[in-house]
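Read top to bottom, the protein sequences are chains A and B. For the first sequence, the residue numbers in the numbering used here are 1461 to 1832. For the second sequence, the residue numbers in the numbering used here are 3 to 285. Below: the structure, in structure tokens.
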Amino acid sequence: MKKNIIELKNITVAFGEEKVLNKLNLSIKNGEFVTILGPSGCGKTTTLRLIAGFANPNEGDILFNGENIIGIPPYKRSVNTIFQRYALFPHLNVYENIAFGLRVKKVPEKEIEERVSDVINMVNLKGFEKRDISKLSGGQQQRVAIARAVINRPDVLLLDEPLAALDAKLRKDMQVELKNIQKNLGITFIFVTHDQEEALTISDTVIVMNEGVVQQIGTPKDIYNEPKNAFVADFIGESNILSGIMKADFLTEFSGKEFTCLDRGFKENEEVDIVVRPEDVDIVPSLAGMLEGVVTSVNFLGVHYEIIVDIGGFKWMIQTTDEQKVGDKVGLNIEPDAIHVMKKSKYSNLYGDYSSFSDEIEPISFNNEGEI
Amino acid sequence: MNGSFKTKTKNKNKGLKLSSPYLVWSLIFIVIPLFMVLYYAFTTENGTFTLENIKGLASLDVLNSLLISVLYAAIATLLSLILAYPLAYYMSTVSKISQRTMIMLAMLPMWMNLLIRTYSLMLILENNGIINNILKALNLPKAQLINTPGAVILGMIYNFLPYMILPIYSIMTKFDYSVLEAANDLGANGFQRFKRIILPMSMPGVISGITMVFVPSVSTFYISQKLGGAKTMLIGDMIERKFQGEVNYNVGASLSLILMVLILISMAIMNKFSGDEEQEVLM
């Protein structure tokens, strides 16, 4: 069992009336790659700033290796940050940016040279030492930011959406590189992102946050396969979230039919939320399936089709490699291990059906003449 | 390729058209007068070429004036910098509304004419001025304030301080705050952060502030006449006297030429420190 390096206890942060973090409890194990995942405004960046020392909580304790660090200024913490837009020093070149942390600590010149050249090799920036920061590409700036932080050998590296500004392919490469760097250094990385795919790819542990509260902590697989509530299920990946009833252990009812499932431990006839991932649904000929519906939309995404099927007014999303046509009647089969049962929460009924993909869009309405 | 080249020349022509009124203006009021200065400086009253005007300036009087002008201007610039820098930094950290108010207050004196501002300073510093009246009311001895070097330097600071505040403030508001946080994050305490990050990043503003205070200070004549009395003869006073009093355009022009060279040299020194970013701030 690894030791906890950081523990947040009952942390509340409020800006005026608005509580950004609400009695947040969190512990982070030493040497792990931890991702804090959540939509914007969920308090993830504030959490990071608390650990870095740029902000202080209104209530609660922050323990670092068991010691309370509230009130200790950022420059005395063994924590370094990689900022969202890198925050490189514009008046210093690559070498001096990287050497900054050692210079302020008055490390001997010879050691600075050695350590800078080590990290420059690590992030593949050899030959760029004298380069101006403004003459670097986004990916190179990112590397300088990483080198500048890790050269100080912090116990914890904080990363505030560091890949947000990179294009999709570079982003994937950097994810792999960050993961490798973390493994090689063996230090704790706390990575903040709103990109769920990135979080699943990169992390040992994912912390899902919303509205200043931790929703779930677990491995990427746990989070995806066993979401704790409708918010997590909706935020991580695509999911059909339905209201259902737990008839008995291993037996649930939704969409008017009974299904065998692998979940148990609920009260008899307890109301629950059911999650079915779009890739776990099989499309079969009409009447041969457990459920029946009409295809209302088909999107071709390259790898597969994304099909919306209307079943009794609830729009299911199904990912399949078989093409279907709009208006077709189809049957759906759902295996017991594809069904995940969750307790009801305050997020029940907020998400679920695929009339729209996001919760923000209002459908455009046409009048009779077909004008908007 | 061809197309983009065409647009470029087209834009250039358009730019030329748009700026032509100013170009004409600067030709008449800047370029031609500059050549007239050159002409007068190197000719006699009869219009024949001579170096005598310039040679004649190699006197103790002129040297003295030059030295005093540079010294006073340098002191005024330094004190302005000391006053303006912390203020500008403070201004850049407060809320937007407070920033606007403070900028207003800093700019307010600039809305008044320099002559009026200097006159009002005279009223304050005079032997029977406001300060001495207060001292008198308190039964304290009178102080000699007007007609001292201190009064001249005070006048320079009073008149030109906003030109120091504005460029420094404007560069500081452009600081990315996360860069300052990054310095702390990497282990710099407040003083190290100032020395290694804030100061060097604000340098372009400081340089242009220094230029904008030093140049008008070194060439002023009005401030020294009103606040320095007859004793202080700055180079600007000397030039004014040659043109207005003695009506000797040739000597006056050569003095101006020397002052211009002096200013150009100090600006060149400044530019050496600042690189090319300074232009941005000056604009």
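We put the beta carbon where it would ideally sit given N, CA and C, even for glycine. Since we're looking at a predicted model, the values are computed, not measured.
Suppose contacts are defined by Cβ-Cβ distances below 8 Å. Is residue i in contact with residue j by that definition?
i: Phe-1524 of chain A; j: Ile-1465 of chain A; result: yes
i: Met-104 of chain B; j: Pro-1550 of chain A; result: no
i: Tyr-74 of chain B; j: Ile-199 of chain B; result: no
i: Val-1786 of chain A; j: Val-1758 of chain A; result: yes
i: Glu-1766 of chain A; j: Gln-1779 of chain A; result: yes
i: Lys-1540 of chain A; j: Leu-1617 of chain A; result: The residue you asked about is not Lys; residue 1540 of chain A is Asn in the sequence shown. Their beta carbons are under 8 Å apart, which means Asn-1540 of chain A touches Leu-1617 of chain A by this criterion.
i: Ile-1678 of chain A; j: Cys-1502 of chain A; result: The question names Ile, but residue 1678 of chain A in the sequence shown is Gly. For Gly-1678 of chain A and Cys-1502 of chain A, no; Cβs fall outside 8 Å.
i: Val-1564 of chain A; j: Leu-188 of chain B; result: yes
i: Ile-1558 of chain A; j: Val-1576 of chain A; result: yes
i: Ile-1496 of chain A; j: Ile-1542 of chain A; result: no
i: Leu-1481 of chain A; j: Thr-1506 of chain A; result: yes
i: Ala-90 of chain B; j: Met-174 of chain B; result: yes
i: Ser-100 of chain B; j: Val-220 of chain B; result: no
i: Ile-1743 of chain A; j: Gln-1784 of chain A; result: yes
i: Leu-1751 of chain A; j: Lys-1717 of chain A; result: yes
i: Ile-1471 of chain A; j: Leu-1510 of chain A; result: yes
i: Phe-1649 of chain A; j: Phe-1493 of chain A; result: yes
i: Ser-258 of chain B; j: Ile-241 of chain B; result: yes
i: Lys-1415 of chain A; j: Asp-1521 of chain A; result: Because chain A is modelled from 1461 through 1832, residue 1415 of chain A falls outside the range shown and cannot be assessed.
i: Ala-1693 of chain A; j: Ser-1699 of chain A; result: yes
i: Phe-1651 of chain A; j: Gln-1675 of chain A; result: no
i: Phe-1802 of chain A; j: Val-1754 of chain A; result: The question names Phe, but residue 1802 of chain A is Met in the sequence shown. No; because the gap between Cβ atoms is not below 8 Å, this pair is not in contact.
Could you confirm whether any beta carbon from chain A is found closer than 8 Å to the beta carbon of residue i?
i: Ile-1 of chain B; result: Since the displayed chain B opens at 3 and closes at 285, residue 1 of chain B lies outside it and no answer follows.
i: Phe-114 of chain B; result: It should be noted that the sequence gives Met, not Phe, for residue 114 of chain B. It does not; no Cβ of chain A falls within 8 Å.
i: Ser-180 of chain B; result: yes
i: Gly-189 of chain B; result: yes
i: Ile-265 of chain B; result: no
i: Glu-47 of chain B; result: no
i: Asn-186 of chain B; result: yes
i: Gln-315 of chain B; result: Nothing can be reported for residue 315 of chain B: it is not among the residues displayed for chain B, which extend from 3 to 285.
i: Phe-275 of chain B; result: no
i: Pro-35 of chain B; result: no
i: Gln-146 of chain B; result: no
i: Glu-280 of chain B; result: Since pLDDT at Glu-280 of chain B reaches only 41, below the 50 mark, its modelled position is unreliable, and the value read off the structure follows with that caveat. No, Glu-280 of chain B does not count as interfacial toward chain A.
i: Gln-246 of chain B; result: no
i: Pro-169 of chain B; result: no
i: Gln-194 of chain B; result: yes
i: Glu-183 of chain B; result: yes
i: Pro-202 of chain B; result: yes
If you count every other CB in all the chains shown that lies within 10 Å of the CB of residue i, and 16 or more means buried, which is it?
i: Glu-183 of chain B; result: buried
i: Glu-160 of chain B; result: In the sequence as displayed, the identity of residue 160 of chain B is Tyr instead of Glu. With 16 or more other Cβ atoms within 10 Å, it is buried.
i: Met-3 of chain B; result: Per-residue confidence for Met-3 of chain B stands at a pLDDT of 42, beneath the threshold of 50, marking its modelled position as unreliable; no derived number is given.
i: Glu-1621 of chain A; result: buried
i: Leu-1585 of chain A; result: buried
i: Met-1706 of chain A; result: buried
i: Ser-1815 of chain A; result: exposed
i: Asp-63 of chain B; result: exposed
i: Thr-1653 of chain A; result: buried
i: Trp-113 of chain B; result: exposed
i: Pro-1687 of chain A; result: buried
i: Lys-228 of chain B; result: buried
i: Asp-239 of chain B; result: buried
i: Met-109 of chain B; result: exposed
i: Arg-1737 of chain A; result: buried
i: Asn-1528 of chain A; result: exposed
Within 8 Å (strictly less), CB to CB, does residue i reach chain B?
i: Ala-1559 of chain A; result: no
i: Arg-1608 of chain A; result: yes
i: Phe-1691 of chain A; result: no
i: Pro-1534 of chain A; result: yes
i: Pro-1517 of chain A; result: no
i: Asn-1685 of chain A; result: no
i: Arg-1545 of chain A; result: yes
i: His-1551 of chain A; result: yes
i: Ile-1588 of chain A; result: Ile is not the amino acid found at residue 1588 of chain A; the sequence shown has Phe there. No - not a single Cβ of chain B is within 8 Å of the one on Phe-1588 of chain A.
i: Lys-1469 of chain A; result: no
Residue i and residue j look like a contact to me (Cβ under 8 Å); what is the Cβ gap, rounded to whole Å?
i: Asn-1553 of chain A; j: Lys-1590 of chain A; result: 5 Å
i: Thr-46 of chain B; j: Phe-216 of chain B; result: About 34 Å; that fails the 8 Å criterion.
i: Met-1634 of chain A; j: Leu-1619 of chain A; result: About 10 Å; that fails the 8 Å criterion.
i: Tyr-1535 of chain A; j: Ala-190 of chain B; result: 6 Å
i: Val-1604 of chain A; j: Leu-1562 of chain A; result: The pair is not a contact, with the Cβ atoms about 15 Å apart (cut-off 8 Å).
i: Asn-1689 of chain A; j: Ser-1805 of chain A; result: 4 Å
i: Phe-162 of chain B; j: Ser-82 of chain B; result: 6 Å
At least 3 beta-carbon pairs within less than 8 Å: the stretch 157-171 of chain B vs the stretch 198-214 of chain B: yes
Inter-stretch contact (C-beta, 8 Å, three-pair minimum) for the stretch 144-151 of chain B and the stretch 231-244 of chain B: yes
The stretch 1654-1672 of chain A in contact with the stretch 1502-1515 of chain A per 3-pair CB rule at 8 Å: yes
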